[in-house]
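Novice: Protein chains in written order, with the numbering used here: chain F, 1049 to 1196; chain P, 1049 to 1196.
Protein chains: 2
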Amino acid sequence: MAPAAFLSEEGTRKIYTYLTESVLPPAPPLAEIDPRVNRLVIELIGRVADKWTMLILEVLTEGGTMRFSAIGRAVPGISQKMLTQTLRQMERDGLLTRTVHPVIPPRVDYRLTDLGLGLAEAFCGVWQWAEAHLDRIDAARRDFDQRA
Amino acid sequence: MAPAAFLSEEGTRKIYTYLTESVLPPAPPLAEIDPRVNRLVIELIGRVADKWTMLILEVLTEGGTMRFSAIGRAVPGISQKMLTQTLRQMERDGLLTRTVHPVIPPRVDYRLTDLGLGLAEAFCGVWQWAEAHLDRIDAARRDFDQRA
DNA sequence: CCGGATCCTCAATGATACTG
DNA sequence: CAGTATCATTGAGGATCCGG
Chain F
1049 MAPAAFLSEE
1059 GTRKIYTYLT
1069 ESVLPPAPPL
1079 AEIDPRVNRL
1089 VIELIGRVAD
1099 KWTMLILEVL
1109 TEGGTMRFSA
1119 IGRAVPGISQ
1129 KMLTQTLRQM
1139 ERDGLLTRTV
1149 HPVIPPRVDY
1159 RLTDLGLGLA
1169 EAFCGVWQWA
1179 EAHLDRIDAA
1189 RRDFDQRA
Chain P
1049 MAPAAFLSEE
1059 GTRKIYTYLT
1069 ESVLPPAPPL
1079 AEIDPRVNRL
1089 VIELIGRVAD
1099 KWTMLILEVL
1109 TEGGTMRFSA
1119 IGRAVPGISQ
1129 KMLTQTLRQM
1139 ERDGLLTRTV
1149 HPVIPPRVDY
1159 RLTDLGLGLA
1169 EAFCGVWQWA
1179 EAHLDRIDAA
1189 RRDFDQRA
């Protein structure tokens, strides 16, 4: 079925033709870098930039070496499951080291590697930006909700 | 029920007592800043740091003003639904402007605000970090998977 | 062309219980 | 204490159809 509304009169049709030919950007430049690298970076950021990872990064940056339960207490609202899971991912990515002490009851220490510290530092920029512009965003949001 | 294994013999019990008293950090320092600000920042970062938002931020930083379908083409694999949704969120947060041209067929232009540009810049640090350490992370990951 | 509305799926998360 | 295992929930995201 043809879109009747667009073709029912000559005037409309003219506008249609004009716009589609003159306005479209020639071609989306897209990534000028290796798409595979791009992919990996995106995937990495996606995993690394989640709520819990960032919070743990933050906590460990301040706390230095901490044990499992201490981190759990320092991160408000995290479940035991997510704590374990997130810590494992971070260990796997080389962001922190996990040291098991063979004592009873078990004791496990976590500590950021230099890689993890570097990431925390990089995130610092985003964190500061967010902190600095919280009010502007809040205002924009209220503004938007108002109009709707 | 008491953990029998930990209490069944005297020696074990001694170790237990020793460790729990001497090793635990006095108190998790946690956030030294306003918890409410912290909460908002976290929520904000959580929303802003998702896959699509970052990609659109990237694309629009390079592309300047772009229309809906151009962005869609420039972001590989995004569905129409997520494109609309993400653009709306970003508009709501004041990261970009949405301009509807009253023509047929419709044409809608998107452009980053200074707020959005600032965020893109802040993310640049994370992006660069990820790019720079891709190989190290990959190595760490293989290492970890090997041992398991 | 832009995007709203609907339906559907599956993976992420939380809650709970158990163990070394 | 530091996990593992299991189950239930839910909501993000994709596919599709329709409308201005």
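Virtual Cβ for every residue (Gly too), placed ideally from N, Cα, C.
By alpha-carbon positions, which one of I1104(P), V1085(P), E1091(P) ends up nearest to G1164(P)?
Specialist: For the purposes of this step, residue 1164(P) is taken as residue 116 along the second sequence, with counting starting at 1. The shortest Cα separation from G1164(P) among I1104(P), V1085(P), E1091(P) belongs to I1104(P).
Novice: Could you compute how far the alpha carbon of Q1194(P) sits from the alpha carbon of M1138(F)?
Specialist: Your numbering for residue 1194(P) matches position 146 in the second sequence. Your numbering for residue 1138(F) matches position 90 in the first sequence. Cα to Cα, Q1194(P) sits roughly 16 Å from M1138(F).
Novice: At a CB-CB cut-off below 8 Å, which residues of chain F make contact with M1130(P)?
Specialist: What you label residue 1130(P) is simply residue 82 of the second sequence in a count that begins at 1. Neighbours of M1130(P) on chain F: none; closest Cβ ~14 Å, over 8 Å.
Novice: Classify T1161(P) as helix, strand or coil using the three-state DSSP reduction.
Specialist: Along the second sequence, read from residue 1 onward, the residue named residue 1161(P) stands at position 113. Three-state result, T1161(P): coil.
Novice: Buried or exposed for T1132(F), please, with buried defined as at least 16 other CB atoms from any protein chain shown within 10 angstroms of its CB.
Specialist: The residue you call residue 1132(F) lines up with position 84 of the first sequence. By the 10 Å Cβ count, T1132(F) comes out exposed.
Novice: Grab the span of the alpha helix (DSSP H) containing L1105(P) for me, first residue to last.
Specialist: The sequence position of residue 1105(P) within the second sequence is 57, counting from 1. Segment 1099-1111, the alpha helix (DSSP H) holding L1105(P).
Novice: Any C-beta of chain P sitting closer than 7 Å to the C-beta of I1185(F)?
Specialist: As a position in the first sequence, residue 1185(F) is number 137, starting the count at 1. Yes - at least one Cβ of chain P is within 7 Å of the one on I1185(F).
Novice: Just checking, does the segment 1134-1152 of chain P make contact with the segment 1172-1188 of chain F on the three C-beta pairs under 8 Å criterion?
Specialist: In short, these stretches touch, since the Cβ pair count reaches three.
Novice: Assign E1091(F) to buried or exposed, taking buried as 16 or more other Cβ atoms, counted over all protein chains shown, within 10 Å of its Cβ.
Specialist: Counted from its first residue, the first sequence places residue 1091(F) at position 43. Classification for E1091(F): exposed.
Novice: What are the residues of the segment 1163-1196 of chain P that lie near chain F, defined by any Cβ-Cβ distance shorter than 7 Å?
Specialist: Listed in sequence order: L1163, G1166, L1167, A1170, F1171, G1173, V1174, W1175, W1177, A1178, E1179, H1181, L1182, R1184, I1185, A1188, R1189, F1192.
Novice: Find the residues of chain P that neighbour I1126(F), judging by a C-beta separation of less than 8 Å, and give them in chain order.
Specialist: Counted from its first residue, the first sequence places residue 1126(F) at position 78. Simply none; closest approach about 12 Å.
Novice: Which residue or residues does DSSP assign as beta-bridge partners of L1144(P)?
Specialist: Along the second sequence, one-based indexing puts residue 1144(P) at 96. Looking at the DSSP assignment, L1144(P) forms a beta bridge with L1160(P).
Novice: S1070(P) CB to nearest chain F CB: under 7 Å?
Specialist: Sequence index remark: in the second sequence, residue 1070(P) carries index 22 (1-based). Since pLDDT at S1070(P) reaches only 38, below the 50 mark, its modelled position is unreliable, and the value read off the structure follows with that caveat. No, because no Cβ of chain F sits closer than 7 Å to the Cβ of S1070(P).
Novice: Hey, would you say W1177(F) sits closer than 7 Å to M1130(F), going by beta carbons?
Specialist: By one-based count along the first sequence, residue 1177(F) stands at place 129. By one-based count along the first sequence, residue 1130(F) stands at place 82. For W1177(F) and M1130(F), no; Cβs fall outside 7 Å.
Novice: Give the residues of chain F in contact with I1090(P), contact being defined as C-beta atoms less than 8 Å apart.
Specialist: For the purposes of this step, residue 1090(P) is taken as residue 42 along the second sequence, with counting starting at 1. By Cβ distance, chain F contributes K1099, M1102, L1103.
Novice: Look at the alpha carbon of P1073(P) and the alpha carbon of T1109(P), and state the distance between them as a whole number of angstroms.
Specialist: If you number the second sequence from 1, residue 1073(P) lands on position 25. If you number the second sequence from 1, residue 1109(P) lands on position 61. In this predicted model, P1073(P) has a pLDDT of only 45, less than 50, meaning its place in the structure is not dependable enough to derive any value.
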